[in-house]
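Visitor:
Numbering (my numbering), first residue to last: 1 to 443.
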């Protein structure tokens with residue numbers, strides 16, 4: 001395990017700090033009035049001066065921010081700003097499509113990240129969105145479907161995407177993602193592999209690919225396989241979780257309230273004293289707050305006990321065993337389950353049997369089981385094989401069309417049931433390619 005991976009594992013499993021006081025607000029001092037006989041006039045003058053000082057201060061801040069910018073450009077809906085302090089900032093700017101990633105965006109991101117990784121003038125990288133509504137909703141599903149139906153299949157698309165995600169995971173300097181709003185699929189890959197994963201108040205995180213005939217990819221099996229039953233549940237069921245959930249399972253490293261996001265970004269982009277991890281942590285810790293996940297606000301906390309019973313990846317050896325456990329929870333034989341637990345089990349069983357692609361569900365189970373013993377490069381080698389094969393099947397076309405286009409949510413999958421799938425069929429997705437050009441490669 002290299003130095004960067006050790007640092008990232010530390011951040012992944014680090015605990016939250018206690019609430020800290022923020023002593024870094026700018027304080028504008030107003031000169032005391034010297035003429036005690038004209039207090040009212042002096043107060044008015046002071047108020048005017050204060051307003052002028054505020055305006056001047058804002059103008060100075062704006063001028064300082066502009067003066068600190070070395071270079072600014074935009075290409076393929078991605079804005080790049082390079083600052084004098086060595087910060088390279090990547091802003092996803094395709095808000096009309098929830099920042100979904102096209103192949104050209106992925107290529108441009110890969111090119112710039114590779115450049116920054118070996119640029120001695122780059123001290124750290126920030127990735128954020130131009131909108132609070134969405135960090136990134138994943139790969140452009142229309143374009144991905146077109147690749148699926150082409151002669152090359154999805155392999156050219158995911159080779160670029162996975163290589164970029166691997167680069168982020170092994171980046172040799174700090175790389176920070178500031179995440180708010182929707183983050184799914186490829187957006188999870190773009191953010192989860194960063195050394196610092198900062199989230200705001202209204203994150204909606206999910207890996208719902210099983211619902212469209214694909215599988216949870218972009219290297220997320222590295223993290224999810226290390227979260228035990230929670231990770232298996234998130235991979236197989238694809239439920240949406242929030243900011244408190246992410247902090248609770250340490251998929252996020254820092255929580256910063258929405259109103260402090262811009263202030264934090266501005267300080268990181270303009271502080272001339274930043275040299276590496278220590279100074280970055282200092283700034284983040286000034287603004288981070290403590291979230292307290294509880295049963296009222298966290299899905300994973302509320303259902304943690306029953307999730308542990310139904311998705312125990314050490315006890316259960318097959319998807320069928322998980323389905324049987326869910327049925328047992330619904331039947332409530334021992335009359336120990338609460339109404340909420342029975343409803344959860346019923347909904348979860350319905351998602352797996354009626355709303356997801358059977359092949360995708362079984363592959364998700366298998367990939368989490370295998371990933372626990374793999375390093376990140378091995379995981380991407382596995383995912384490129386699985387992704388290429390499952391992405392070229394009619395299940396994906398069916399899932400995308402019926403779920404996202406005509407929205408009947410009744411795709412015809414083959415095999416049509418989890419009960420019709422055997423282990424040798426699943427194992428075939430994991431085999432090496434005859435054509436080595438299709439295999440995963442590092443950029």
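Glycine is no exception: its CB is placed at the ideal position from the N, C-alpha and C atoms. Treat the numbers as computed from the prediction; the structure is a model and nothing was measured.
What separation, rounded to the nearest whole angstrom, lies between the Cα atoms of residue 69 and residue 257?
Guide: Using only the alpha carbons, I get a separation of about 26 Å.
Visitor: Measuring CB to CB, does residue 284 end up less than 8 Å from residue 248?
Guide: No, Cβ-Cβ distance for residue 284 and residue 248 is not below 8 Å.
Visitor: Measuring straight from C-alpha to C-alpha, what distance separates residue 295 and residue 304?
Guide: The straight-line gap from Cα to Cα measures roughly 9 Å.
Visitor: Just verifying my parser: in three-state terms, what is the DSSP assignment at residue 24?
Guide: Summary for residue 24: the model assigns pLDDT 31, below 50, so the residue's position carries little reliability, and this model does not support an answer.
Visitor: For residue 432, does the count of other Cβ atoms within 10 angstroms reach 16, so buried, or fall short, so exposed?
Guide: Counting Cβ neighbours within 10 Å, residue 432 comes out exposed, since fewer than 16 surround it.
Visitor: Which class does residue 204 belong to by DSSP, given the choice of helix, strand or coil?
Guide: Note: residue 204 maps to strand in three-state DSSP.
Visitor: Can you give the beta carbon distance from residue 136 to residue 99, rounded, assuming they're within the 8 Å contact cut?
Guide: That pair is a contact at about 4 Å.
Visitor: For residue 63 and residue 72, I'd like the C-alpha separation in whole angstroms.
Guide: Here the model assigns residue 63 a pLDDT of 47, short of 50, so the residue's position is not dependable and the matter cannot be decided.
Visitor: Below 8 Å, how does it come out for the stretch 190-200 and the stretch 383-403: are there three or more Cβ pairs, yes or no?
Guide: Contact between the stretch 190-200 and the stretch 383-403 is absent, because fewer than three Cβ pairs lie under 8 Å.
Visitor: Beta carbon of residue 124, beta carbon of residue 274: below 8 Å?
Guide: Against a cut-off of 8 Å, the Cβ pair of residue 274 and residue 124 comes out as a contact.
Visitor: Any chance you could list the alpha helix (DSSP H) runs of at least 4 consecutive residues sitting entirely within the stretch 373-409, in chain order?
Guide: Counting only runs of 4 or more, we get 376-391, 394-400.
Visitor: Go through its chain and collect everything with a Cβ distance to residue 386's Cβ below 7 Å, but skip five positions before and after it.
Guide: Around residue 386: 215, 363, 367, 429, 430.
Visitor: Assuming the contact rule is C-beta atoms closer than 8 Å, residue 384 and residue 114 should be a hit. Round their C-beta distance to whole Å, please.
Guide: Their Cβ separation, rounded to whole angstroms, is 19 Å, which puts residue 384 and residue 114 out of contact at 8 Å.
Visitor: Determine, using beta carbons only, whether residue 109 and residue 164 come nearer to each other than 8 Å.
Guide: In contact: residue 109 and residue 164 (Cβ atoms closer than 8 Å).
Visitor: When the Cβ atoms of the stretch 120-134 are set against those of the stretch 371-385, are three or more pairs found closer than 8 Å?
Guide: Because the criterion of three Cβ pairs below 8 Å is not met, the stretch 120-134 and the stretch 371-385 do not touch.
Visitor: By a C-beta neighbour count over all protein chains shown, 10 Å radius and 16 as the cutoff for buried, is residue 276 buried or exposed?
Guide: With fewer than 16 Cβ atoms within 10 Å of its Cβ, residue 276 is classed as exposed.
Visitor: State the beta-bridge partners of residue 127 as determined by DSSP.
Guide: DSSP lists 90, 177 as partners of residue 127.
Visitor: Distance, Cα to Cα, residue 177 vs residue 199?
Guide: Taking the straight line joining both Cα atoms gives about 8 Å.
Visitor: Just to confirm the assignment, what range does the alpha helix (DSSP H) spanning residue 265 have?
Guide: 258-270 is the span of the alpha helix (DSSP H), which, as asked, contains residue 265.
Visitor: Report buried or exposed for residue 414, applying the criterion of at least 16 other Cβ atoms within 10 angstroms of its Cβ.
Guide: Under this definition residue 414 is an exposed residue.
Visitor: Does the stretch 320-340 come close enough to the stretch 386-397 that 3 or more CB-CB pairs lie under 8 Å?
Guide: Touching, no.
Visitor: Can you tell me which of the three DSSP states residue 110 falls into?
Guide: Three-state result, residue 110: helix.
Visitor: Does the separation of the CB atoms of residue 205 and residue 240 fall below 8 Å?
Guide: A contact, by the Cβ cut-off of 8 Å.
Visitor: Please list the terminal residues of the continuous beta strand (DSSP E) segment that includes residue 135.
Guide: From DSSP, the beta strand (DSSP E) with residue 135 extends over 134-136.
Visitor: Taking the beta carbon of residue 152 as the centre, do at least 16 other beta carbons fall within 10 Å, making it buried, or is it exposed?
Guide: The residue is exposed, with fewer than 16 neighbouring Cβ atoms inside 10 Å.
Visitor: With H, G and I counted as helix, E and B as strand and the rest as coil, what does DSSP make of residue 82?
Guide: In this structure, residue 82 counts as strand in the three-state DSSP scheme.
Visitor: Could you check what DSSP says for residue 182 in three-state terms: helix, strand or coil?
Guide: Strand.
Visitor: In chain order, what residues of the same chain lie with their CB nearer than 6 Å to the CB of residue 147, ignoring the 5 residues before and after it?
Guide: For residue 147, where only same-chain residues beyond five positions count, the Cβ hits under 6 Å are 154, 157.
Visitor: Could you tell me which whole beta strand (DSSP E) segments of length 3 or greater appear in the stretch 200-248?
Guide: Within the stretch 200-248, the complete beta strand (DSSP E) runs of at least 3 residues are 204-206.
Visitor: Where residue 397 and residue 173 are concerned, what is the direct C-alpha to C-alpha distance, given to the nearest angstrom?
Guide: Straight-line Cα distance between these residues: approximately 39 Å.
Visitor: List the residues that DSSP assigns as beta-bridge partners of residue 71.
Guide: Beta-bridge pairing links residue 71 to 82.
Visitor: For the alpha helix (DSSP H) containing residue 364, name the first residue and the last one.
Guide: Counting along the chain, the alpha helix (DSSP H) containing residue 364 begins and ends at 358-371.
Visitor: Reducing DSSP to helix, strand and coil, say where residue 292 ends up.
Guide: Coil, per DSSP.
Visitor: By a C-beta neighbour count over all protein chains shown, 10 Å radius and 16 as the cutoff for buried, is residue 77 buried or exposed?
Guide: Classification of residue 77: buried, given that the 10 Å Cβ count is 16 or more.
Visitor: What whole-angstrom Cβ distance do residue 232 and residue 313 have, given they're in contact under 8 Å?
Guide: At roughly 5 Å, the Cβ-Cβ gap stays under 8 Å, so residue 232 and residue 313 are in contact.
Visitor: DSSP three-state label for residue 193, please.
Guide: DSSP places residue 193 in coil when its eight states are reduced to three.
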